[in-house]
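Participant:
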Ligand code: FAD
């Protein structure tokens, strides 16, 4: 849904009377999904059983207890290793095991222990089941025990497979045919298939009908999520979508209740299925969502729905469909398509979620959380009935424990941010998994409590990951990321029943879950740094951060990338500009570091790709300069006063300095920086940041490198633009740079073009080239280098130097409601950004390092 769709909710209300009715009707049916997903816990119970016997029983012996019928023995039954001894009316004595029976050859008197010969027979007379708890289950109905036990174990995984396939199929159909029809079909399907399951005549028809039931149930759930989010405005959306899970959990509680009351599997199934009836009867009244109608260009129908919403919500002047459509067209977010700088026309596939190591790590983590989240959710839910104690109460509590989960997740998500909520609950889940392994089997209460705590913590993480995944990825791959994540979640739910069976034979099973969770935690715990701005300062700062803190996950966010930044306009010459309020030794250090760094590049094979080269020339003065020896004179190469002969080239100038310095050809250098960053796995997204605080939930530290943009972003009144206009001309014969001492007129030869400058217009924001200024610059430069008259391909560029008395290079801690966000500012480089970029970037990276240590210190203190 495009952001501008919020216009609809601004006009009609985000969660008015209409939305409340639609929401509660839709989520009511989500209970049915919870019911069918978990129904098998009681329906497919395997009660105690022994092999059947031929004939009538006259007496039964179990250890020291004797009885007249097998039914009396079940209360004493303790283990599957037990056997029962029966004497038949014809005097034969049989030992009945679970999966075989043996006839004693010498049957003189009835004793439990017997050392003589026996003939072993298979259970060809069926089985005798303990019906004290369950009158019948599908296991007793179709004898799914012994060599057919695996069929019983397949019941839940087959259902979950149906869930997986249903989600894919109905998700797609809902986009093609509309949400309403899928909701109608799947809810009717839930009723029909739900009842049909009760009347299946054999195991295979039972599994097939349940598979169809699973498909429609998961289809309903997937589409209901979309349906409610398309009807609920952004202000209520997080709560609304989170609490769909809560209704699912209520379904689990209903299973426990019905299981307690009804002990015949097919009656139990009918009772569970009729929970759908109220919704099936009224779902025909649910309307199609206006957004789907708009996407299908059914404007009149969309308007009708909007009008109905308005009537119900008592809004007298509802918005018109035409307004929504025009907003959607104008919406820059939707027209830009994606959040990155790559072509919007490009088709994206799953490989985009692995395009570099950083994104791949993120994707693997997100998938692991989806997988372990759903695995944990179903393992805790399904195994709750076999923990001992009262299985109905256990299941009821395991459902009930989810209800506070989503409230806590919603509140914590807003207050602490997504990651800070997720990590503690993942840690808790992992610890509980370990704990469960060490609790002795006899400590029922403790095991049940640990299971509930596990379900609670995994529930928070699981509930949160849906929203968090959507936020972690840029728009263009967002649905791909969420779709693939929910697929992993379903894989987890298919695997879960097997883990429950495995847990009973392999005690270390929870350890696997723990390891997976720790992997997620480790990845989630790596500090996330957002660098805002993609000019020379932003890119070089991001690069320095990846070098000084390789474990960080760095993301560059910027509304413009090369070639649309101020840095692209610059001449890129390494001749420092002086910042009056910054000590000279600090400026000198910045310049030295920058010079040394670029000098190394200029000496490498990468020089031409990076656009870095040495250039010699002159700085000339009409009168003796204030400082004959600038602070940077010992950093550039071969600094010396110009000779008399050299000065003859500039008859109007009386004094000059000759030296060799470095020059960055700007777009190539920025592109090279971007390439280096991408190689380190840094992600780069096109995004305008309106307020740095908006990043607090996604990142631990924000670095502000927004150049002149900082004036608006952080309201810095000391920052002002100094407009500069330059010409980029083709004049390959010009090899020496010439800079008039006041820095206003200059000729800087680059690899392909020569930059002619310039202007310095303080406080002017206009980015439009001025024709008079162009002529003036050209004339001034020609007066210094007359050969430029022959220059060709003249291009005019304008940029706004982000000027300040000193570069703002400092840490600030933003704080709201007790939540803190450290921000490192690095902007205000004025006319000398290129000359000092590496030095200031290193200092900013160091500040980031300090912030990280502080964060890690405070989190470990918090853990202590
Ligand atoms: P920018 O390049 O402007 O980058 C700022 C970035 O922040 C941009 O990507 C922008 O899109 C992004 N941004 C801003 N606001 C937001 C927001 N709210 N949300 C998201 N992103 C945002 N310096 C030299 O050292 N040598 C020279 O020879 C030289 N010549 C120059 C010639 C001219 C004509 C001009 C104009 C400047 C020259 N400079 C020179 C100065 C140099 O260009 C600047 O100091 C330098 O480019 C500043 O870089 P920056 O990254 O801070 O700003």
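Residue numbers (our numbering): 88 to 951. Just so it is clear, CB atoms sit at the ideal spot from N, CA and C, and this is done for glycine as well.
#1: So, are the CB atoms of residue 222 and residue 376 less than 9 Å apart?
#2: So, at 6 Å on beta carbons, what are the nonlocal neighbours of residue 915 in its own chain, with the 5 sequence-adjacent residues on each side left out?
#3: Can you have a look at residue 822 and say buried or exposed, based on whether 16 or more other CB atoms are within 10 angstroms of its CB?
#4: Mind checking whether residue 103 and residue 399 have CB atoms under 9 Å apart?
#5: Under 9 Å between the Cβ atoms of residue 336 and residue 489?
#6: When the Cα of residue 271 is compared with those of 693, 282 and 257, which residue comes out closest?
#7: Buried or exposed for residue 721, please, with buried defined as at least 16 other CB atoms from any protein chain shown within 10 angstroms of its CB.
#8: Report buried or exposed for residue 670, applying the criterion of at least 16 other Cβ atoms within 10 angstroms of its Cβ.
#9: For residue 476, does the count of other Cβ atoms within 10 angstroms reach 16, so buried, or fall short, so exposed?
#10: Might you give, ordered along the chain, the residues of its own chain that have their beta carbon closer than 7 Å to the beta carbon of residue 130, omitting 5 neighbours on each side?
#11: Looking only at its chain, what residues have a beta carbon closer than 6 Å to the beta carbon of residue 119, apart from the 5 residues adjacent to it on each side?
#12: State the Cα-Cα distance for the pair residue 902 and residue 908, rounded to the nearest angstrom.
#13: Let's test the definition: count the other Cβ atoms within 10 Å of the Cβ of residue 532 and tell me whether it reaches 16, buried, or not, exposed.
#14: When burial is assigned at 16 or more other CB atoms within 10 Å of the CB, is residue 371 buried or exposed?
#15: Check whether the Cβ of residue 659 sits closer than 8 Å to any heavy atom of ligand 1, and report yes or no.
#16: Run the CB neighbour count on residue 439, radius 10 Å, all protein chains shown included, and call it buried at 16 or more, exposed below.
#17: Considering only the beta carbon of each residue, do residue 716 and residue 810 sit closer than 9 Å?
#18: Between the C-alpha atoms of residue 313 and residue 575, what's the straight-line distance to the nearest angstrom?
#19: Around the Cβ of residue 158, are there at least 16 other Cβ atoms within 10 angstroms (buried) or fewer (exposed)?
#20: Please classify residue 937: does DSSP put it in a helix, a strand, or coil?
#21: Measure how close the beta-carbons of residue 621 and residue 648 come, nearest whole angstrom, since I'm counting them as under 8 Å.
#22: With a threshold of 16 other CB atoms inside 10 Å of the CB of residue 904, please say whether the residue is buried or exposed.
#23: I need the straight-line Cα distance from residue 668 to residue 854, nearest angstrom please.
#24: Where do the N-terminal and C-terminal ends of the beta strand (DSSP E) with residue 712 fall, by residue?
#25: Nearest by alpha-carbon distance to residue 623: which of 302, 389 and 650 is it?
#26: Determine the direct distance from the alpha carbon of residue 269 to that of residue 230, and round the result to whole angstroms.
#27: Inspect the CB distances between the stretch 485-500 and the stretch 332-348 and report whether three or more fall short of 8 Å.
#28: Using 8 Å as the Cβ pair cut-off and three pairs as the minimum, do the stretch 691-701 and the stretch 743-752 touch?
#29: For residue 206, is the classification buried or exposed, using 16 other Cβ atoms within 10 angstroms of its Cβ as the cut-off for buried?
#30: Suppose contacts are defined by Cβ-Cβ distances below 9 Å. Is residue 171 in contact with residue 180 by that definition?
#31: For the alpha helix (DSSP H) containing residue 820, name the first residue and the last one.
#32: Consult DSSP for residue 103 and reduce its assignment to one of helix, strand or coil.
#33: Measuring straight from C-alpha to C-alpha, what distance separates residue 470 and residue 550?
#34: What are the partner residues of residue 882, as DSSP defines its beta bridges?
#35: Is the beta carbon of residue 346 less than 9 Å from the beta carbon of residue 128?
#36: Use the C-beta contact count for residue 219: other C-beta atoms within 10 angstroms, 16 or more gives buried, fewer gives exposed.
Facilitator: Result, derived from the coordinates:
#1: By one-based count along the chain shown, residue 222 stands at place 135. By one-based count along the chain shown, residue 376 stands at place 289. Contact annotation: residue 222 and residue 376 have beta-carbon atoms that are not nearer than 9 Å.
#2: Within the chain shown, residue 915 is the residue found at index 828, counting from 1. Exclusion of the five residues before and after residue 915 leaves 806, 889, 891, 894 and 895 as the residues of its chain whose Cβ lies within less than 6 Å of its Cβ.
#3: Within the chain shown, residue 822 is the residue found at index 735, counting from 1. Flag for residue 822 reads exposed.
#4: Working through the chain shown from its first residue, we reach residue 103 at position 16. Working through the chain shown from its first residue, we reach residue 399 at position 312. Yes, the pair counts as a contact, with Cβ atoms nearer than the cut-off.
#5: The sequence position of residue 336 within the chain shown is 249, counting from 1. The sequence position of residue 489 within the chain shown is 402, counting from 1. Going by C-beta atoms, residue 336 is nearer than 9 Å to residue 489.
#6: As a first step, residue 271 must be located in the chain shown, where it is residue number 184. When only C-alpha atoms are compared, the closest one is 257.
#7: As a first step, residue 721 is located in the chain shown; it is residue number 634 there, counting from the start. Classification of residue 721: exposed, given that the 10 Å Cβ count is below 16.
#8: Locating residue 670 in the chain shown gives position 583, where the first residue counts as 1. Exposed, by the Cβ-count rule.
#9: For the purposes of this step, residue 476 is identified with residue 389 of the chain shown, where counting begins at 1. Residue 476 comes out exposed.
#10: Walking along the chain shown from the start, residue 130 turns up at place 43. Cβ contact annotation for residue 130 (same chain, cutoff 7 Å, sequence separation greater than five): 224, 225, 352, 355 and 356, in chain order.
#11: By one-based count along the chain shown, residue 119 stands at place 32. Hits under 6 Å: 277, 362 and 363.
#12: Within the chain shown, residue 902 is the residue found at index 815, counting from 1. Within the chain shown, residue 908 is the residue found at index 821, counting from 1. Distance between the alpha carbons of residue 902 and residue 908 is about 6 Å.
#13: In the chain shown, counting from the first residue as 1, residue 532 sits at position 445. Answer is exposed; the Cβ neighbour count stays below 16.
#14: As a position in the chain shown, residue 371 is number 284, starting the count at 1. Residue 371 is exposed by the Cβ-count criterion.
#15: Residue 659 sits at position 572 when you count from the first residue of the chain shown. Yes, the Cβ of residue 659 comes within 8 Å of a heavy atom of ligand 1.
#16: Here residue 439 is taken as the residue at index 352 of the chain shown, counted from 1. Classification for residue 439: buried.
#17: Counted from its first residue, the chain shown places residue 716 at position 629. Counted from its first residue, the chain shown places residue 810 at position 723. For residue 716 and residue 810, no; Cβs fall outside 9 Å.
#18: Mapped onto the chain shown, residue 313 falls at position 226. Mapped onto the chain shown, residue 575 falls at position 488. Going by C-alpha positions, residue 313 is about 19 Å away from residue 575.
#19: Here the question's residue 158 lines up with position 71 in the chain shown. Result: exposed.
#20: On the chain shown, residue 937 is found 850 positions in, with the first residue counted as 1. The DSSP-derived three-state label of residue 937 is helix.
#21: Taking the chain shown and counting its residues from 1, the one referred to as residue 621 is at position 534. Taking the chain shown and counting its residues from 1, the one referred to as residue 648 is at position 561. With a Cβ gap of about 5 Å, residue 621 and residue 648 count as contacting.
#22: Counting from 1 along the chain shown, the entry for residue 904 is found at position 817. Counting the other CB atoms within 10 Å of its CB gives residue 904 a total below 16, which places it among the exposed residues.
#23: Residue numbering aside, residue 668 sits at position 581 when the chain shown is read from its first letter. Residue numbering aside, residue 854 sits at position 767 when the chain shown is read from its first letter. Near 28 Å, if we compare the C-alpha coordinates of residue 854 and residue 668.
#24: The residue you call residue 712 lines up with position 625 of the chain shown. Element bounds for residue 712: n/a, residue is neither H nor E.
#25: As a first step, residue 623 is located in the chain shown; it is residue number 536 there, counting from the start. Selected option, being the one with the closest Cα: 650.
#26: On the chain shown, residue 230 is found 143 positions in, with the first residue counted as 1. On the chain shown, residue 269 is found 182 positions in, with the first residue counted as 1. Spanning the alpha carbons of residue 230 and residue 269 requires a straight line of approximately 37 Å.
#27: Under the three-pair Cβ rule at 8 Å, the stretch 485-500 counts as touching the stretch 332-348.
#28: Using a Cβ-Cβ distance cut-off of 8 Å, the stretch 691-701 and the stretch 743-752 are in contact, since at least three pairs of beta carbons, one from each stretch, lie closer than that value.
#29: For this step, residue 206 is matched to residue 119 along the chain shown. Looking at its Cβ environment, which holds fewer than 16 other Cβ atoms inside 10 Å, residue 206 is exposed.
#30: What you label residue 171 is simply residue 84 of the chain shown in a count that begins at 1. What you label residue 180 is simply residue 93 of the chain shown in a count that begins at 1. For residue 171 and residue 180, no; Cβs fall outside 9 Å.
#31: The sequence position of residue 820 within the chain shown is 733, counting from 1. Residue 820 -> no alpha helix (DSSP H), and no H or E assigned at all.
#32: Indexing the chain shown from 1 puts residue 103 at position 16. DSSP places residue 103 in coil when its eight states are reduced to three.
#33: Start at 1 with the first residue of the chain shown, and residue 470 comes out as number 383. Start at 1 with the first residue of the chain shown, and residue 550 comes out as number 463. C-alpha separation (whole angstroms): 20 Å.
#34: Here residue 882 corresponds to residue number 795 of the chain shown, with the count starting at 1. DSSP, once it has assigned bridges, lists 815 as partnering residue 882.
#35: By one-based count along the chain shown, residue 346 stands at place 259. By one-based count along the chain shown, residue 128 stands at place 41. Result yes, Cβ atoms of residue 346 and residue 128 sit closer than 9 Å.
#36: Taking the chain shown and counting its residues from 1, one reaches residue 219 at position 132. Flag for residue 219 reads exposed.
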